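Novice: Its first residue numbered 1, the sequence shown is counted upward by one per residue in the numbering used here. Starting off with a structure, shown below.
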Amino acid sequence: MPDTDILACPLDQSPLKRVGNTWVCAENHSFDRARQGYINLLPVQFKRSKDPGDSKAMVQARRTFLHRGHYQPISDALSAAITELPFGDRSTDSNPISILDAGCGEGYYLNRLKESIGSEAGWNLLGLDISKWAVLAAAKSDPNLLWLVGTNAHLPIQAHRLDALLCLFGFPVYTEFERALKPGGYLIQLDPGPEHLIELRQALYERLEPFKTGNEPAMACISRQSIRYQTTLASAAAIADLIQMTPHAFRAPPDAIERLTSKDILELTVDVQMVVYQTPH
Ligand SMILES: C[S@@+](CC[C@H](N)C(=O)[O-])C[C@H]1O[C@@H](n2cnc3c(N)ncnc32)[C@H](O)[C@@H]1O
Ligand SMILES: [Zn+2]
């Protein structure tokens with residue numbers, strides 16, 4: 001079982017203590033470990049719906065799509081960026097390097113990071129998602145990492161305990177990210193660039209929405225990298241998985257979806273921005 005020392009109660013942020021398969025705070029709020037290995041740290045009052053986050057079908061489609069390797073160059077660039085970061089003085093700090101993937105989906109990027117590091121020794125890798133389906137899939141993929149159901153809006157992490165936080169195609173809550181990061185900790189954010197999956201969008205919509213950049217945190221930006229390449233979806237099933245894992249599945253006109261999923265090849269541009277921010281020391 002990975003290290004749970006940095007966990008906090010999502011209701012009052014006080015440290016959680018492990019008692020068997022339950023984690024309890026000083027106020028006696030308690031959270032259980034599910035049979036499948038993840039810890040449920042999402043109290044009902046933080047749920048906006050009965051089944052928040054990505055649905056089971058979206059999670060399955062994303063898992064199949066990612067395991068076909070279409071985003072492997074992104075995960076390679078991400079793992080390289082993380083392993084090259086200077087993480088304080090490891091000769092005086094014997095704690096493992098704690099990294100939280102906030103909105104981890106089915107855990108693809110955290111698993112790839114673990115593979116590139118070679119072992120978990122010296123690292124404490126945590127994945128959190130609001131979708132129970134995503135965390136279930138993640139817990140199945142690697143039971144040795146710490147998988148949490150929770151929300152970015154109330155991270156179940158004690159103040160200033162993370163060395164790095166990943167927000168990958170996710171929903172950043174910068175006040176929470178800054179609270180959870182150590183001084184000098186890193187936020188690594190991946191977001192679609194202007195040309196990302198443009199061929200898919202052109203096939204689905206008559207007019208494309210102008211490209212919008214998201215909000216930026218009040219942290220120093222230390223690097224900005226564009227990851228651009230072409231990939232080929234070589235079957236109707238692969239095209240259907242890509243649509244299913246995005247909001248286009250319920251936003252795009254059904255006849256356009258039908259036309260596109262009757263094709264058996266789609267050339268795609270991948271265009272992603274990776275930005276690394278750092279909190280003040
Ligand atoms: C576009 S997916 C990206 C998943 C993963 N990072 C990846 O790139 O494969 C966005 C994820 O954010 C999760 N999510 C949505 N709202 C969230 C919240 N408030 N806190 C944590 N995760 C959330 C969804 O369930 C979904 O898994
Ligand atoms: Zn509590």
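Note that CB positions come from ideal geometry on N, CA and C, so glycine has one too. Source: prediction; values computed, not measured.
If distances are taken between C-alpha atoms only, which option among TRP23, LEU41 and VAL272 comes closest to TYR229?
Specialist: Taking the first residue of the sequence shown as position 1, residue 229 is located at position 229. Measuring from the Cα of TYR229, the nearest candidate turns out to be VAL272.
Novice: Locate the alpha helix (DSSP H) running through LYS182, then write down its first and last residues.
Specialist: As a working mapping, residue 182 is identified with position 182 in the sequence shown. No alpha helix (DSSP H) holds LYS182; the beta strand (DSSP E) holding it covers 181–192.
Novice: For ASN28, which three-state DSSP category applies?
Specialist: Looking up residue 28 in the sequence shown gives position 28. Here ASN28 sits in coil by DSSP.
Novice: Hey, would you say the C-beta of ASP32 is under 7 Å away from at least one heavy atom of ligand 2?
Specialist: As a working note, residue 32 is residue 32 in the sequence shown. It does not: the Cβ of ASP32 is nowhere closer than 7 Å to a heavy atom of ligand 2.
Novice: Just the residues with CB closer than 5 Å to a heavy atom of ligand 2, in chain order, which are they?
Specialist: After applying the 5 Å Cβ criterion, the set is CYS9, LEU11, ASP12, CYS25, GLU27 and HIS29.
Novice: Use the C-beta contact count for GLN202: other C-beta atoms within 10 angstroms, 16 or more gives buried, fewer gives exposed.
Specialist: Within the sequence shown, residue 202 is the residue found at index 202, counting from 1. Per the 10 Å Cβ criterion, exposed.
Novice: Hey, LEU126 and LEU148: beta-carbon distance below 8 Å or not?
Specialist: Mapped onto the sequence shown, residue 126 falls at position 126. Mapped onto the sequence shown, residue 148 falls at position 148. Yes, Cβ-Cβ distance for LEU126 and LEU148 is below 8 Å.
Novice: Starting from the Cα of GLU216, find the closest Cα among CYS167, ILE99 and GLY20 and give me that residue.
Specialist: Along the sequence shown, read from residue 1 onward, the residue named residue 216 stands at position 216. Comparing Cα positions, the closest option is CYS167.
Novice: Can you list, in chain order, the residues of its chain whose CB lies under 6 Å from that of ASP54, leaving out five sequence neighbours each side?
Specialist: Sequence index remark: in the sequence shown, residue 54 carries index 54 (1-based). Here the set comprises SER131 and ALA134.
Novice: For ALA34, tell me which candidate among SER116, SER75 and LEU42 has the shortest Cα-Cα distance.
Specialist: Within the sequence shown, numbered from 1, the residue matching residue 34 stands at position 34. Considering only alpha carbons, the answer is LEU42.
Novice: Between ILE222 and GLN278, which are expected to be in contact by the criterion C-beta below 8 Å, what is the C-beta distance as a whole number of angstroms?
Specialist: Taking the sequence shown and counting its residues from 1, the one referred to as residue 222 is at position 222. Taking the sequence shown and counting its residues from 1, the one referred to as residue 278 is at position 278. Confirmed, Cβ separation roughly 5 Å.
Novice: Would you say the beta carbon of PHE177 is closer than 7 Å to some non-hydrogen atom of ligand 1?
Specialist: Position 177 of the sequence shown, counted from the start, is the residue given in the question as residue 177. No; taking the cut-off as 7 Å, the Cβ of PHE177 has no heavy atom of ligand 1 nearer than that.
Novice: Quick one: is PHE177 buried, meaning 16 or more other Cβ sit within 10 Å of its Cβ, or exposed?
Specialist: Residue mapping note: residue 177 aligns to position 177 of the sequence shown, counting from 1. Buried is the call here.
Novice: With DSSP as the reference, label GLN13 as helix, strand or coil.
Specialist: In the sequence shown, residue 13 corresponds to position 13, counting from 1. In the structure shown, GLN13 sits in coil (DSSP, three-state: anything other than H, G, I, E or B).
Novice: Which one of ARG161, LEU197 and ILE239 has the shortest CA to CA distance from LYS182?
Specialist: The residue given as residue 182 occupies position 182 in the sequence shown. Checking every option, the nearest Cα to that of LYS182 belongs to ARG161.
Novice: Would GLY184 and GLY88 be called neighbours here (beta carbons separated by less than 8 Å)?
Specialist: Position 184 of the sequence shown holds residue 184. Position 88 of the sequence shown holds residue 88. Contact flag set, yes.
Novice: Could you give the residue range of the alpha helix (DSSP H) that holds HIS198?
Specialist: Mapped onto the sequence shown, residue 198 falls at position 198. Rather than His, the amino acid found at residue 198 in this sequence is Ile. 198–204 is the extent of the alpha helix (DSSP H) around ILE198.
Novice: Nearer than 7 Å: is that true of the beta carbon of ILE82 relative to any heavy atom of ligand 1?
Specialist: Here the question's residue 82 lines up with position 82 in the sequence shown. No - ligand 1 has no heavy atom lying nearer than 7 Å to the Cβ of ILE82.
Novice: Do THR232 and GLU284 come within 8 Å of each other at the CB atom, strictly closer than that value?
Specialist: The question about residue 284 has no answer here: the residues shown for the chain are numbered 1 through 281.
Novice: Going by DSSP in three states, ILE99 sits in which element: helix, strand or coil?
Specialist: The residue you call residue 99 lines up with position 99 of the sequence shown. It is a strand residue.
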